[in-house]
Structures are given as structure tokens and as C-alpha cells.
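Residue numbers (the working numbering): 2 to 355. Below is one structure, written out as C-alpha cells; the observations come after it.
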């Protein structure tokens, strides 16, 4: 019994030492990331947006730079646990605002958690957040950069309120969810030819099952199986270090994120199955601001060919398509340095037009 107690004490001591090392390392890493750059800005806080507390972080190396609002995808998938690792790569040419949209991530609000999500609500939130950022930063206009759902969200905002924006940057550009799913399904039928296991997966999913979790998991597995998965190239940053050194997340924030993720996703699943169709960009080609796209040519999550066809029809003061060869849907994370290079090129291009 005595030896068991001694072993238990040693194990507890080792665990305590490991905990202290992790806590110390995290403190140092967070301390570095929480610093405000000289002549820049690094603040995080909540904004009351149409009766819902919504979290933003504003980070930039030069307070005089133009402001860029990053719209995460989903709908309903906040990226705040990791997005500082790639959005800060744009911070020398833009002051970057990252935003957890209504009731997701750090913006989860129990009293509003069951509220219905609609196109009108999201556009109203986007407009209100834009107005707040413009006032807070003293800017007459801002740039929008949207990924996946965020690209469709952002395009709709720019089309509806062009007076607020100086440019739109879409990546993993989504054009129309119905046609997007039909095209993916047709491609998946080709991929699964001669592959019985693949056909079994395909039988679990069809374009009309957008509110079925198991079907969506099968959809994702199909793309991973044939080399078109969102993160086929992995991440070009260390996910453990990124989470550990996140300056905006305490342990309780991570617990809350995991605890509430299913509850926060429920209204968005209904939106994905129904309301998202109302956000289609088909037939909406006239932009009053410059229109830019950064897309991977192997992206089937949001169909690359559709994005190219749409781009050709767009009328805008300026437009350019940047293509990441061999890139899939996770291009911001998997090839963030290359992606950042395109963002820098856009900033330079816009500056030359002033």
C-alpha cells in the first residue's frame, strides 16, 4: 500500500510539473500575441448588434491602414480559436477585424441561442457591424474578405450596401447552394465509379439532404476519400501552439466553445437547409466596388468552376481572379503564406487606384 501511495505521489508531482510548464509556456506565448504593435492596434470586445452581443478583435500594425473585416464561413462556424494565425499575416497592409457572427464562438448568447437565423437577420447584423467598425476606426469605407459562407454573405452585403465598402474579396467563393450541391453530386458519381465503398458513402448523401448531419458527414468523407477534402494539404501552422497561445481565449472560453457548439449550430442547420438558398448570387453581377476572388482550382466544397463562371459575368470597377493551383477549400489555413501574398497584391492594387 505504501509503495502504491509513493507511486501516486510521484505521478501527481509529474502532472503538477507538466501543468506548471504548460501554464508558463502559455503565459509567455499569450503575452507575446496580446501585445499591441507600435503605431498599431490590438483590442477585443463585445458589440451590441441588433440585441445580440457579438465579439470582435481588431488587430493591425499601422492604425492608418485601410480596415478589412473578415467574414468566417459555415454558416455557424466561428474560427476565433485559430484565425489570428493567418489573418495577422495581412496586418501590415490592413487593420484586420475578426468577428464571431451571431451566436457562434465567443458570440454565443444563451438567451438568443434558439433565435431563427435568416438572410435578413444576417444582412442586418453585417450592416450594423460595418457601421460600428467605420465609426470606431474613423473610416468612411472598409474592405470585406469572406470565406465560403462568408464569401456569399459578403457579396450580398456589398451588393446591398455598396456605399460602405471599398472592395470585396471572396475566397472559396460560393455562388448558389442548390447548383453547388448538384455539381458536387455529379462529380462524386464519377469519383465513385468502380469503388463499392465509395458508392456506399454516396448512397448516404444527396443534394437535398443539407439538414442531415450524417449525410453531410458522408459528403465530407467522399471529398476526403478522393483527394478534394478541405484540409488535404494540412495546416501550415501548428494547431496545438495556435490554440495554446491564442491571446483571445481563456480556458473557460474553450470550454464554452465546445459545450455550446451543438446548440449554436442548430439554428444555422435550418438556415443552411432553407434560408441559404435565398442568398444566391445568380443574376446579381453588377458591383459598384472592385471585385476580387482567391480560389483553389480543386475546390468542390464551393465549386471552383461556378466561381469562375460567375466571375466572368461580374461587372465591377476593377476585378481579378487569383487561382491557387491544387488548392481546395481550406486554402486560408493550408497555404496561408501564399494566400497572404494575394491579399497584399490586392492592397497594392487598390492603393494604386486612389
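We put the beta carbon where it would ideally sit given N, CA and C, even for glycine. Because the structure is a prediction, the values reported are computed rather than measured.
It is roughly 8 Å from the alpha-carbon of residue 288 to the alpha-carbon of residue 163. Boundaries cannot be given for residue 75, as no beta strand (DSSP E) includes it and DSSP labels it neither H nor E. DSSP lists 54 as the beta-bridge partner residues of residue 49. In the three-state DSSP reduction, residue 37 falls in the coil class, being neither helix nor strand.
Using a Cβ distance threshold of 7 Å, residue 354 and residue 168 do not count as a contacting pair. One alpha carbon belongs to residue 216, the other to residue 190, and they sit about 15 Å apart. By the beta-carbon neighbour count (other beta carbons within 10 angstroms, threshold 16), residue 111 is exposed. Per DSSP, the continuous beta strand (DSSP E) segment holding residue 147 begins and ends at 143 to 148. Proximity to residue 293 across 184, 268, 324 peaks at 324, based on C-alpha coordinates. Under the three-state reduction of DSSP, residue 320 is assigned to strand. Annotation note: the stretch 279 to 347 contains the following uninterrupted beta strand (DSSP E) runs of length 3 or greater, listed N- to C-terminal: 292 to 297, 320 to 325. Sequence-distant partners of residue 331 (beyond 5 residues in either direction) whose C-beta falls short of 7 Å from its own C-beta, in its chain, are 231, 232.
Rounded to the nearest angstrom, the gap between the Cα atoms of residue 227 and residue 329 is 12 Å. Taking a C-beta distance under 7 Å as the contact criterion, residue 249 and residue 45 qualify as a contact pair.
Following the DSSP letters along the chain, one finds residue 214 inside the alpha helix (DSSP H) bounded by residues 214 to 226. Boundaries of the beta strand (DSSP E) around residue 172: 166 to 172. With a 10 Å radius around the Cβ and a threshold of 16 neighbouring Cβ atoms, residue 117 comes out exposed.
In the three-state DSSP reduction, residue 259 falls in the helix class (H, G or I). The Cβ atoms of residue 143 and residue 70 sit closer than 7 Å to each other.
Secondary structure note for residue 97: its beta strand (DSSP E) is the uninterrupted segment 96 to 100. Just measuring C-alpha positions, the residue of 153, 236, 133, 34 sitting nearest residue 60 is 34.
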